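*Asks:* Residue numbers (our numbering), protein chains in the order written: chain B, 1 to 380; chain V, 381 to 760; chain P, 761 to 1140; chain E, 1141 to 1520. One structure coming up, written as structure tokens, with questions to follow.
Number of protein chains: 4
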Amino acid sequence: MAKKKINVGMVGYGFMGRTHSNAFSQVGHFFDLPYQPVLKTICARSADKAKAFADQWGYDSSVTDWRRLVEDKSIDLIDIASPNDTHLDIALAAAAAGKMVMCEKPLGRNAAESRKMVEAVEKAGVPNMVWYNYRRVPAVTLAKQLIDEGRLGKIFHYRAKFLQDWTISKDLPQGGQGLWRLDVGVAGSGVTGDLLAHCIDTALWLNGGIDKVSGMTETFIKERHHNITGKTEKVGIDDASLFLARFDNGSLASFEATRYARGHKALYTFEINGEHASIFWDLHDLHRLQYFDHRDEGRTRGWRSVHITDGDHPYMNKWWVPGLQIGYEHTFIHQVADFLEAVSGGQSAAPTFRDALATDLVTDAVLKSARTGQWENAKG
Amino acid sequence: MAKKKINVGMVGYGFMGRTHSNAFSQVGHFFDLPYQPVLKTICARSADKAKAFADQWGYDSSVTDWRRLVEDKSIDLIDIASPNDTHLDIALAAAAAGKMVMCEKPLGRNAAESRKMVEAVEKAGVPNMVWYNYRRVPAVTLAKQLIDEGRLGKIFHYRAKFLQDWTISKDLPQGGQGLWRLDVGVAGSGVTGDLLAHCIDTALWLNGGIDKVSGMTETFIKERHHNITGKTEKVGIDDASLFLARFDNGSLASFEATRYARGHKALYTFEINGEHASIFWDLHDLHRLQYFDHRDEGRTRGWRSVHITDGDHPYMNKWWVPGLQIGYEHTFIHQVADFLEAVSGGQSAAPTFRDALATDLVTDAVLKSARTGQWENAKG
Amino acid sequence: MAKKKINVGMVGYGFMGRTHSNAFSQVGHFFDLPYQPVLKTICARSADKAKAFADQWGYDSSVTDWRRLVEDKSIDLIDIASPNDTHLDIALAAAAAGKMVMCEKPLGRNAAESRKMVEAVEKAGVPNMVWYNYRRVPAVTLAKQLIDEGRLGKIFHYRAKFLQDWTISKDLPQGGQGLWRLDVGVAGSGVTGDLLAHCIDTALWLNGGIDKVSGMTETFIKERHHNITGKTEKVGIDDASLFLARFDNGSLASFEATRYARGHKALYTFEINGEHASIFWDLHDLHRLQYFDHRDEGRTRGWRSVHITDGDHPYMNKWWVPGLQIGYEHTFIHQVADFLEAVSGGQSAAPTFRDALATDLVTDAVLKSARTGQWENAKG
Amino acid sequence: MAKKKINVGMVGYGFMGRTHSNAFSQVGHFFDLPYQPVLKTICARSADKAKAFADQWGYDSSVTDWRRLVEDKSIDLIDIASPNDTHLDIALAAAAAGKMVMCEKPLGRNAAESRKMVEAVEKAGVPNMVWYNYRRVPAVTLAKQLIDEGRLGKIFHYRAKFLQDWTISKDLPQGGQGLWRLDVGVAGSGVTGDLLAHCIDTALWLNGGIDKVSGMTETFIKERHHNITGKTEKVGIDDASLFLARFDNGSLASFEATRYARGHKALYTFEINGEHASIFWDLHDLHRLQYFDHRDEGRTRGWRSVHITDGDHPYMNKWWVPGLQIGYEHTFIHQVADFLEAVSGGQSAAPTFRDALATDLVTDAVLKSARTGQWENAKG
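Here is the structure:
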């Protein structure tokens, strides 16, 4: 039984272009799905780089203008893995052309942009998804299952942080290849949209809506050399962003993201404390889930370090044998698998553009609160 | 050479009465000091319990009214280990009588009470100290040394939390023996004064003054049976308390305390991220310090788990041999040792009543901010 | 510049057939190499399964007799991923046909078989390699670098173990698909060849030759149902295997492998203690290396948990960004990359068949010692 | 109700003299017992040091000849905390005088000495105990309870090690104050009697008798300056000692002790793997027990890190509140408490001299096996 093919047009060949290409390339080796993605065309501004990337990943062709992808009738799905300031235009055009649309996070540079994108895909009725890949870490998916089964009981606390340390040096420039995340015009914001957005997406998924927030941001290095203009320019992004929050379910929360925490490269952690049980997870050891169940016998009660490599853990029956861990890129493969499964049933898999808008409403509220010094509504 | 004796009058025979008595009893076995404390008189409201406690710990005598201690010329030092609502009166009387005064934390139920106590001991010129014992965990003292030596460089972030889970049950009453911490009239506040105060004391010591705070509190269980009145009464304390802060040195901070975090009994942790290095510490493994130094060679750079049991670690040359850990109560012994050492030079050892007032100003600001929804000044 | 193709003929479609196929499939996406492997033909005894596997992984064709691969002039490399009892014949034929040969470990069911295979490939002068993949865990490769640089100084101790728990049930049968590792006729031995062999290969690589061993084995479940014969039969494999050893460099060692250690799925660990430094590694957290350097300043000296995800860690500049871990299957990709790199220079990459023979000589000595109760020479 | 006093005569004022004195001094503060030990007389060869120690710990008097303790009618219990070569004579004399006898481990320098001591105390019918203090680490006592309740099921594996690194330097002399453990004439053996003995005592207690052993020892530094003779002399002790063993219950075991493992100060660990559950413990974090129960639900099954600070953990209801850890010296306090409790019922508490002889028979067998290269019987 031949599988139906889905032709993919990819925009962007950087870090995210690689993780997405790998996901499309690998998914069929491990998941038995009704659709087989085909790497059709890669788009990048540099023709040479686009060609080299196509050769490396097996794309049929390469182009330098994303409009070619939109116009190409053979392309079924457009995947946006280019910098944040390109998301809006591509998504609108892709939706208008009736393509399925996948978009790297954050959806827009702000909620206003995201809202337009949501309207576009919903009006067009095309399957859509945003790459908040950490939902598909097996340990995180397991956390979701445990929470949904009521294992934790009433939730009291949620706390998350995403700590990095790669921009501490004053000598790091802003802007251009690999550094557009420091350029506010391109990125929209700093760690709020880049890192906190991941924390918020997971939190909304696991713990429901956020009612209000009190935020604080800081830009530690005020000026940096700009690679595009060639001048020293004011830094517009936030280097650190913290907020307190209250969820709709009454739980209290604390969130933090920074690129100024020595010793941490991508330390995304969350903990959730419920009446009966608690869960902790950590991206630096993504293949483990820490679980504490108060209903265990008292003498032997303790935090369980669950090695998420068994066949009864989410997605893990697709991989190796118990004890053998998977890594970061597998989360993207899982996301493609779920997307293709959903598409075969005429659905979008979460997080949809609409789900991602909810995250952007929270990040907008955090940034606003940091300016106003007030608690702000987190639902726009 | 005979040591000079310091006669101690102790108020309170509960948890803290035990830790303090043990400290006075043990200090001479391990530290070579100019003074030898003598357990002279224990005061407790119940004559039987006071007598039993005196027998157990070797006090010469017991009384039921703390005023007897103040009047007793033979007593050199009054140590207040009774509930928070008794601190003010005892401290004022003890200072007026020219006694040295040690007081369990928090100093007062609020900064107003604390301020009176500071004035009293300073006016009397008597040595004074507040039992913020966690400063004397060897790992924490080492952290202080490393920071003061500039090993971390400019500080960007401070985060601390104190998590417990012992009041989650609705059936737990408030008030009375062992439960006065849930009675706002006695305690002054909930976790803010009980747990956050520890976090704040350490933070002020390690990272300097706090400028302003944005707080949030919650009382999850609104009514509880009251052991004294025998009725179901509104709960006045805060069950959870979180705040964001900005330190005078520009660093950003996040603090949290709760008694609703399943799986944690006394998980006090702090992390401090500097330009060059970071430190993490955790009360559940108090004999370890986690240290990351970015100046280490790249390939082998990592968080160091330092087992704080060597002779060159603070206080540890007084104890056993490398590899053998000490525990919780030793922090009180260290504090007495430092106090007696300071007294022999006519000094008070930190944290003095004045130091403890600074903490109470922060906790008052947190509680106020939680009410107003505004950022509040943290220095009174 | 087009890459030269290497056509691969694969024997076996089980667990190892998958890891090897994935390695050949992925290596070109991440490594810039002179050769590009092509998945040409898969061989499996079942025509249907061979066909399905070919479809899933993109093989051009499938066959049911491995002799077809040997006869096929277009095939450059034969990779043996089938059960142990097939290694000898296939390797001999492949070498005789002038093919490059890769073989899953252990090389033979015993050193006598392995010796024939070494002679065959060396006589034929064909590139050859055995899939002791754990050498290519980045953390393990880093350990090798640190040792070779003399960072540890004189070595005193080596200890390794490989713990599993999947055969504890009496109801597990032996023999047949997925269970041939319990059938001594097919496997050659139990955990000695399956698990200890990994420990020994790494040890010989990191710490040099082993002089002599004292071993002990046990078969906890004496009889099991046999899937092929349909009868309850005596179990011929060892369930657990331990040995003490002395290395040529004078260091003392302890090794252990078992499938009866509850709570461990694939806990391969090793520790090496030198005069100046020690190293510990653990397969359950394969992306970390624990490193202790006694030359660090005393107060802050501790075991460093090195998160092996930085660009200056072995192989890691091919993958994602710092902080993002890779997993188990990547070790096979690294091995293919090194093999292709070596082949382009006319070399074999280690571990060659000859290297793997050294391991089999040790495992043979362990099994012999377990029988004789004597220390046995470990070099054949 | 006044407690009955037990007058203690202590021999030795070194490391062990301090831990024992502290135990006698502290036990009454925390345990409610029928007997109250009194620190009566300390014996040390130096009159000045004996006097200073008496002052520091509150002994009534000091002597320089242990025979004075034996002759003193007021002394009820003689505690031997002096070097190993003094144990035999003191124990024999104390027993003959009808005193209770406690002795620091190992009991004798070899099993022959120990056997005489066992005969002496049993003939005299006096309560006796050997200070294998690690049995009274609450986590270890809990392990014993769990095993005795059958929680682990049939035992397959036991492994223990005791790793230190304090004698790696060639410049460390042997003999004399603080270094008698390196002098074979005084100590009897090296790490075998000093460290392995602890591992063996615990193992015999937890897992029953050992049938036979295969041992290997090494003396890495062959000659050292001798502090007593003033000359460079051959080192007679073993620096490292490893052995394989088979227990009476059929389980397989691996033991190791060394003073040449960089990065470990007193890393005593043991792990026991049973059919249903496994236990791991580690002296560097003595307040934790790692417990894995295969009967837990699959998805959330993992090693539980049990923080042994709750009231339902052994001994812990005597100390502080949940979450607050105790340390090394508390194990001695627990041992005195159990001893006094047993004495009040006319019993000896384990480990008795006879229990300790069983350990010495194993250590003798290990040393013999290391010489003969044969498996040796471990029961004398």
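Beta carbons are placed, not taken as given, at the ideal position from N, Cα and C, and that holds for glycine. As the structure is a prediction and not an experimental result, all values here were calculated from the model.
Using a Cβ-Cβ cutoff of 8 Å, what residues of the stretch 1058-1071 of chain P are near chain V? List them in chain order.
*Replies:* Gly1058, Arg1059, Thr1060, Arg1061, Gly1062, Trp1063, Arg1064, Ser1065, Val1066, His1067, Asp1070
*Asks:* Could you pull the start and end residues of the alpha helix (DSSP H) that Pro414 of chain V belongs to?
*Replies:* No alpha helix (DSSP H) contains Pro414 of chain V, which DSSP labels as neither H nor E.
*Asks:* Would you mind reading off the limits of the beta strand (DSSP E) that contains His687 of chain V?
*Replies:* 683-687
*Asks:* Please report how far the alpha carbon of Ile1287 of chain E lies from the alpha carbon of Phe813 of chain P, in whole angstroms.
*Replies:* 48 Å
*Asks:* Could you tell me the boundaries of the beta strand (DSSP E) in which Asp1042 of chain P lies?
*Replies:* 1037-1042
*Asks:* Contact criterion: CB-CB distance below 9 Å. Does Trp700 of chain V meet it with respect to chain E?
*Replies:* Taking Cβ atoms only, chain E reaches closer than 9 Å to Trp700 of chain V, which makes this a yes.
*Asks:* Based on Cα-Cα distance, which residue from B:Phe220, B:Gly236, B:Ser251, B:Trp303 lies nearest to Ser631 of chain V?
*Replies:* B:Phe220
*Asks:* Answer with yes or no whether the minimum CB distance from Asp925 of chain P to chain E is below 9 Å.
*Replies:* Closer than 9 Å to the CB of Asp925 of chain P there is at least one CB belonging to chain E.
*Asks:* Establish whether the CB of Tyr1455 of chain E and some CB of chain B are separated by less than 9 Å.
*Replies:* no
*Asks:* For Asp459 of chain V, report the span of its beta strand (DSSP E) as first-last.
*Replies:* 457-460
*Asks:* Measuring alpha carbon to alpha carbon, tell me which residue in P:Glu864, P:Ala810, P:Gly774, P:Gly769 is nearest Gln1095 of chain P.
*Replies:* Comparing C-alpha distances from Gln1095 of chain P to each of P:Glu864, P:Ala810, P:Gly774, P:Gly769 shows the shortest one belongs to P:Glu864.
*Asks:* Should Lys420 of chain V be labelled buried (16 or more other beta-carbon atoms within 10 Å of its own) or exposed?
*Replies:* buried
*Asks:* Decide if Pro414 of chain V is buried, meaning its Cβ has at least 16 other Cβ atoms within 10 Å, or exposed.
*Replies:* exposed
*Asks:* My assumption, with CB atoms under 8 Å, is that Val1126 of chain P sits in contact with Leu956 of chain P. Please give the rounded CB distance.
*Replies:* 7 Å
*Asks:* So, with DSSP's three-state summary, where would you put Phe600 of chain V?
*Replies:* coil
*Asks:* Counting along the chain, where does the alpha helix (DSSP H) carrying Ser749 of chain V start and finish?
*Replies:* 733-752
*Asks:* Could you compute how far the alpha carbon of Glu1481 of chain E sits from the alpha carbon of Pro1177 of chain E?
*Replies:* 12 Å
*Asks:* Would you say Ile928 of chain P faces chain B, with C-beta separation under 9 Å as the test?
*Replies:* Among the residues facing chain B, Ile928 of chain P is not included, as its CB has no counterpart in that chain under 9 Å away.
*Asks:* Starting from Asp1433 of chain E, trace the beta strand (DSSP E) both ways and give me its first and last residue.
*Replies:* 1428-1433
*Asks:* Does the stretch 487-499 of chain V touch the stretch 513-522 of chain V, meaning 3 or more C-beta pairs lie closer than 8 Å?
*Replies:* In the pairwise beta carbon analysis, the stretch 513-522 of chain V is classified as not touching the stretch 487-499 of chain V: fewer than three pairs are separated by under 8 Å.
*Asks:* Relative to the C-alpha of Gly1149 of chain E, which residue among E:Phe1164, E:Lys1143, E:Trp1345 is closest?
*Replies:* E:Phe1164
*Asks:* Could you pull the DSSP bridge partners for Phe1410 of chain E from this structure?
*Replies:* E:Ala1300, E:Trp1421
*Asks:* Just curious, the alpha helix (DSSP H) that Lys385 of chain V is in, first and last residue?
*Replies:* That residue, Lys385 of chain V, is in no alpha helix (DSSP H); its beta strand (DSSP E) goes 384-391.
*Asks:* Does the beta-carbon distance from Asn273 of chain B to Asp676 of chain V come in below 9 Å?
*Replies:* no
*Asks:* What separation, rounded to the nearest whole angstrom, lies between the Cα atoms of Arg354 of chain B and Asp89 of chain B?
*Replies:* 17 Å
*Asks:* Over what stretch of residues does the beta strand (DSSP E) that includes Glu1396 of chain E continue unbroken?
*Replies:* 1392-1398
*Asks:* Quick check on Leu1426 of chain E - is its C-beta less than 9 Å from some C-beta in chain B?
*Replies:* no
*Asks:* Quick check on this structure: which residue in B:Asp72, B:Asp32, B:Ile75, B:Gly12 has the alpha carbon closest to the alpha carbon of Ala47 of chain B?
*Replies:* The candidate whose alpha carbon is nearest that of Ala47 of chain B is B:Gly12.
*Asks:* At least one CB of chain B closer than 9 Å to the CB of Ala854 of chain P: is that the case?
*Replies:* no
*Asks:* Looking only at C-alpha atoms, which of P:Gln816, P:Gly774, P:His780 sits nearest to Lys3 of chain B?
*Replies:* P:Gln816
*Asks:* For chain B, find out if any of its Cβ atoms is closer than 9 Å to the Cβ of Ile960 of chain P; answer yes or no.
*Replies:* no
*Asks:* Within the stretch 808-840 of chain P, note down every full beta strand (DSSP E) run reaching 3 residues or more, in order along the chain.
*Replies:* 821-823, 837-840
*Asks:* For Tyr1455 of chain E and Pro1278 of chain E, what's the separation of their Cα atoms in angstroms?
*Replies:* 6 Å
*Asks:* Can you check DSSP and say which residues form a bridge with Leu1382 of chain E?
*Replies:* E:Met1356, E:Glu1396
*Asks:* So, is the C-beta of Leu152 of chain B closer than 9 Å to a C-beta in chain P?
*Replies:* no
*Asks:* Considering only residues of the same chain and omitting the five flanking positions on each side of His403 of chain B, which have a CB-CB separation below 7 Å?
*Replies:* The question about residue 403 of chain B has no answer here: the residues shown for chain B are numbered 1 through 380.
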